[in-house]
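Peer 1:
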Amino acid sequence: MLFPLSYVLGQDTSAQTSNPIQEKEVEVAIGIDHIEKLDFDYHTKLVIGNEQLLKVIMVPAKREMIFRGIKPGKTTVTVRDNVGDVRLRFTITVTATGKSNVVSELRELIGDVEGLEIGIKGGKVFVGGEIVVPNDIGRVSKVLANYPEVLTLIEMSPQTQRVIAKKMADELARNNLKDVSVRVVNKAFWLEGVVSSAEKKNLAMIIAKAYLPPKILSLSESGEGRFAAPSDASDIIDFIGVNEKKDPQPAPKLLKISSQFVELSKSYNRIFGFRWAPLMGADNSQISIGQTKAGDVTTQSSGTLSATISNLFPKLNSAKTAGYARVIQSAMVITRNEKPATITKDTSIPFSLGSGDFTRASTANVGLTMNIEPRILEEEKVEMSVNISIKLQVGSSSPPVTTNNSVNTTLVIKSTESAAIGGVVQNQSTTDYDANPNAGSGGEDAPTPLFNLNRSKAYVSQKSQYVIFITPEIIESASVGTEEIRKKFRRRE
7 MLFPLSYVLG QDTSAQTSNP IQEKEVEVAI GIDHIEKLDF DYHTKLVIGN
57 EQLLKVIMVP AKREMIFRGI KPGKTTVTVR DNVGDVRLRF TITVTATGKS
107 NVVSELRELI GDVEGLEIGI KGGKVFVGGE IVVPNDIGRV SKVLANYPEV
157 LTLIEMSPQT QRVIAKKMAD ELARNNLKDV SVRVVNKAFW LEGVVSSAEK
207 KNLAMIIAKA YLPPKILSLS ESGEGRFAAP SDASDIIDFI GVNEKKDPQP
257 APKLLKISSQ FVELSKSYNR IFGFRWAPLM GADNSQISIG QTKAGDVTTQ
307 SSGTLSATIS NLFPKLNSAK TAGYARVIQS AMVITRNEKP ATITKDTSIP
357 FSLGSGDFTR ASTANVGLTM NIEPRILEEE KVEMSVNISI KLQVGSSSPP
407 VTTNNSVNTT LVIKSTESAA IGGVVQNQST TDYDANPNAG SGGEDAPTPL
457 FNLNRSKAYV SQKSQYVIFI TPEIIESASV GTEEIRKKFR RRE
């Protein structure tokens with residue numbers, strides 16, 4: 007048994023009403039846009055047969071399409087509605103007339119210039135709009151010189167003029183003309199402000215002219231392919247006033263001078279001694295009868311003589327000592343060029359002299375003194391007369407022992423570089439062999455040993471060195487380096 011197709015598909019095809027596809031032929035001339043109005047809401051995803059021949063500009067809100075020819079030829083444009091059904095198919099023929107060829111050539115030559123529009127209006131080919139990039143003026147002028155019949159309606163973009171004015175103002179500020187401002191009024195550049203001399207006024211005009219782009223001619227001046235001309239001073243209006251006065255003297259330059267004193271000392275002592283000098287008896291090596299001295303070795307028998315030997319065992323002496331000290335002193339002073347400066351750090355160490363009723367108080371001074379006179383030379387070099395004196399305490403004895411270190415010199419150093427301006431290295435080494443510690447003591451009544459065996463070695467090594475570094479730095483203000491000092495002292499605002 008046969009069933010109708012609608013029954014097989016499960017729906018009634020008679021109820022399905024599809025809109026027929028409309029076919030329309032359109033002729034588009036290159037250079038003249040063609041506008042088509044549609045009676046339905048179309049989908050913006052079009053199908054263009056050959057995109058190299060035609061460009062389609064869509065305006066869905068107004069149900070419009072603009073066809074713009076690119077090259078002569080024939081192509082199709084398929085339009086769907088919002089449901090996705092094909093509703094309209096255009097068959098478009100792109101033709102080229104004499105004016106269309108001119109439009110096509112101009113679009114190929116200068117169509118990528120920002121702000122320009124090329125087309126045909128009133129039967130004439132025109133190039134209009136606002137040029138955004140000043141460097142494009144020369145290129146457009148060169149092309150339009152070969153098309154004298156083209157109507158030129160080109161102007162400079164106001165935004166571009168403001169950018170040029172800002173570049174002029176920045177360059178004026180870099181040349182110490184900060185009181186001169188630039189603004190755009192009625193397509194002209196106004197220079198306003200006050201300068202201290204006529205020479206500075208002329209300099210401001212020269213700088214402003216250097217930033218002028220080629221001049222775009224007005225419609226009355228343009229013609230025969232001319233729309234631009236070399237820049238001249240007519241686009242700059244001078245409102246700069248001159249107030250004759252001497253420029254203030256620049257502030258004298260400052261120098262920050264830092265010095266570091268480093269002293270390093272090392273000492274090493276090593277002593278080894280072996281001494282054996284036994285004595286016969288406790289009193290002048292005599293033979294005694296009776297009780298002996300406690301602690302001595304005695305040989306005796308009842309009713310006989312007895313003898314005592316003292317210092318029977320040898321004596322050993324061994325010791326080793328070492329010391330290391332490092333002293334760092336730092337000083338920094340800021341002064342004007344060719345002005346002397348002095349910085350001093352002084353510490354008094356009290357101590358007493360004498361004893362009993364004859365005791366009196368006294369002090370020893372230690373510290374650092376730096377005297378310096380700098381002079382700035384060419385290429386940021388600094389000549390300095392330097393006198394640095396440093397007095398330090400050695401050890402902790404009383405009265406204190408001090409050492410003096412000083413440098414007096416004249417030198418040339420480049421700013422921010424450091425140099426070692428002086429230093430001393432001292433090495434001292436002493437070795438003693440078989441020294442008798444009791445030599446020269448005891449007098450005539452000193453006991454005489456049976457024999458004297460003495461072996462010893464004492465080695466003493468002392469090394470000391472110091473060096474002074476100095477660093478000059480040319481600065482604009484005495485506040486330079488304040489942050490570093492605050493960090494060192496952990497100062498909080």
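First residue of the sequence shown: 7, per my numbering; consecutive thereafter.
Note that the Cβ used here is the ideal one computed from N, Cα and C, for glycine as well.
#1: Check whether the segment 364-374 and the segment 423-441 touch, using three or more Cβ-Cβ pairs below 8 Å as the test.
#2: Measure the alpha-carbon distance for Val-146 versus Pro-256 and round it to whole angstroms.
#3: I'd like to know whether the C-beta atoms of Arg-69 and Leu-44 end up nearer to each other than 7 Å.
#4: According to DSSP, simplified to helix, strand and coil, what is Arg-492?
#5: CA-CA distance, Pro-405 and Pro-356?
#6: Taking the alpha carbon of Ala-210 as the reference point, which residue from Ala-194, Pro-220 and Val-186 has its own alpha carbon closest?
#7: Between the Cα of Ile-315 and those of Lys-173, Thr-437, Thr-436 and Leu-285, spot the shortest distance and give me the residue it belongs to.
#8: Would a C-beta distance cut-off of 7 Å place Ile-340 and Val-388 closer than the cut-off?
#9: Tell me whether Lys-206 is buried or exposed, calling it buried when 16 or more other Cβ atoms sit within 10 Å of its Cβ.
#10: Does the distance from the C-beta atom of Ile-126 to that of Ile-38 stay below 7 Å?
#11: Once you ignore the five residues that flank Pro-66 on each side, which residues in its own chain have a CB closer than 8 Å to its CB?
#12: Provide the residue(s) that pair with Asp-438 in DSSP beta bridges, ordered along the chain.
#13: Tell me whether Pro-320 is buried or exposed, calling it buried when 16 or more other Cβ atoms sit within 10 Å of its Cβ.
#14: Please list, in chain order, all residues of the same chain as Ile-72 whose beta carbon is under 6 Å from its beta carbon, the five residues on each side excluded.
#15: Rounded to whole angstroms, what is the Cα-Cα separation between Leu-183 and Leu-112?
#16: I need the DSSP call for Phe-364, collapsed to helix, strand or coil.
#17: What is the DSSP secondary structure of Arg-342, reduced to helix, strand or coil?
#18: Beta carbon of Asp-500, beta carbon of Ala-194: below 7 Å?
#19: Name the two residues that bound the continuous beta strand (DSSP E) containing Ile-396.
#20: Ignoring anything shorter than 3 residues, give me the beta strand (DSSP E) runs that lie fully in the segment 27-74, in order along the chain.
#21: For Ile-394, which residues from the same chain have a beta carbon less than 7 Å from its beta carbon, with the 5 sequence-adjacent residues on both sides left out?
#22: So for Val-500, helix, strand or coil by DSSP?
#23: Here's the rule I'm using: 16 or more other beta-carbon atoms within 10 Å means buried, otherwise exposed. How should Glu-269 be labelled?
#24: Would you report the Cα separation of Glu-29 and Leu-94, rounded to the nearest angstrom?
#25: With a threshold of 16 other CB atoms inside 10 Å of the CB of Ser-106, please say whether the residue is buried or exposed.
#26: In or out: Gln-167 buried (at least 16 other Cβ within 10 Å) or exposed?
#27: Under 7 Å, do Ser-424 and Thr-477 count as touching if we go by C-beta distance?
#28: Rounded to a whole number of angstroms, what is the C-alpha to C-alpha distance between Leu-178 and Ile-213?
#29: Please go through the same chain and pick out, in chain order, the residues whose beta-carbon is closer than 6 Å to the beta-carbon of Pro-26, but skip the five residues on each side of it.
#30: Quick one: using the 10 Å Cβ neighbour count with 16 as the cut-off for buried, is Lys-148 buried or exposed?
#31: Under 6 Å Cβ to Cβ from Gly-329, same chain only, skipping five residues before and after it: list those, please.
#32: My understanding is that Thr-422 touches Glu-344, with C-beta atoms under 8 Å, so please give their C-beta distance in whole angstroms.
#33: Would you mind sorting Thr-158 into buried or exposed? The rule is 16 or more other CB atoms within 10 Å of its CB.
#34: Distance, Cα to Cα, Ile-481 vs Gln-335?
#35: Cutting at 6 Å between CB atoms, please list the residues of its own chain near Pro-346, excluding the five before and the five after it.
#36: Among the candidates Gly-135, Val-131 and Lys-130, whose CA atom is the shortest distance from the CA of Glu-123?
Peer 2: On the basis of the supplied data:
#1: no
#2: 49 Å
#3: yes
#4: helix
#5: Going from the Cα of Pro-405 to the Cα of Pro-356 covers about 9 Å.
#6: Val-186
#7: Leu-285
#8: no
#9: buried
#10: yes
#11: Asp-47, Tyr-48 and Thr-50
#12: According to the DSSP secondary-structure assignment, Asp-438 is paired through a beta bridge with Ala-464.
#13: exposed
#14: Asp-39, Ile-41 and Ile-63
#15: 44 Å
#16: helix
#17: Taken through DSSP and simplified to helix, strand or coil, Arg-342 comes out as strand.
#18: Beyond the ends of the chain as shown, which are 7 and 499, falls residue 500; an answer cannot be given.
#19: 387-400
#20: 28-35, 40-43 and 60-65
#21: Ser-265, Met-376, Ser-412, Val-413 and Ile-474
#22: Since the displayed the chain opens at 7 and closes at 499, residue 500 lies outside it and no answer follows.
#23: buried
#24: Glu-29 and Leu-94 have their C-alpha atoms roughly 6 Å apart.
#25: buried
#26: Buried, because 16 or more other Cβ atoms sit within 10 Å of the Cβ of Gln-167.
#27: Yes, these two residues count as a Cβ contact at 7 Å.
#28: 7 Å
#29: Setting aside the 5 residues that flank it on each side, Pro-26 has no residue in the same chain whose C-beta is closer than 6 Å to its C-beta.
#30: exposed
#31: Only Ser-273 meet the Cβ criterion.
#32: Not a contact, Cβ separation roughly 19 Å.
#33: buried
#34: Rounded to whole angstroms, the gap between the alpha carbons of Ile-481 and Gln-335 is 23 Å.
#35: Glu-379
#36: Gly-135
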